[in-house]
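S.K.: Numbering (my numbering), first residue to last: 42 to 180.
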């Protein structure tokens with residue numbers, strides 16, 4: 042049975058996901074303003090709190106994506122894991138595209154982070170720790 046090589050497609054989809062996150066990071070003021078009440082004066086403290094929250098979210102997403110890209114070249118995963126990673130990143134990019142076209146509040150980005158960034162980084166990290174623990178046991 043031949044194995045399908047998913048590394049080029051995963052590399053491209055992770056790179057595209059990272060580009061979308063960087064695009065959102067540059068335009069984060071629009072999303073912060075959209076999270077505030079529409080007919081109220083701009084509360085500076087609330088603006089900075091929301092800006093900090095969105096900055097942390099997008100920074101963590103970028104770090105997770107870069108770490109996942111590095112771990113992608115460390116080990117070749119099984120086909121079901123590769124398909125899961127590919128579909129998860131694809132759906133994440135589609136939703137981020139919707140976030141770019143229609144400004145969404147900041148808490149939607151945290152939901153996106155929980156659904157699309159955390160599961161995709163947890164699989165390579167668990168695999169890395171499993172490999173490291175097996176090396177320790179085998180020596």
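We put the CB at the ideal spot given by N, CA and C, even for glycine.
In whole angstroms, what separates the C-alpha of residue 169 from that of residue 85?
M.R.: 43 angstroms
S.K.: Per the contact definition of three or more C-beta pairs closer than 8 angstroms, is the segment 72-83 in contact with the segment 154-172?
M.R.: Too few Cβ pairs lie closer than 8 angstroms, so no.
S.K.: So, for residue 165: in the same chain, excluding its five sequence neighbours on each side, which residues have a beta-carbon less than 6 angstroms away from its beta-carbon?
M.R.: 109, 112
S.K.: If you count every other CB in all the chains shown that lies within 10 Å of the CB of residue 56, and 16 or more means buried, which is it?
M.R.: exposed
S.K.: Please state whether DSSP places residue 121 in a helix, a strand or coil.
M.R.: Annotated three-state conformation of residue 121 is helix, per DSSP.
S.K.: How close, in whole Å, do the beta carbons of residue 54 and residue 127 come, if the pair is a contact with beta carbons under 8 angstroms?
M.R.: 6 angstroms
S.K.: Run through DSSP, which three-state label would residue 149 get?
M.R.: helix
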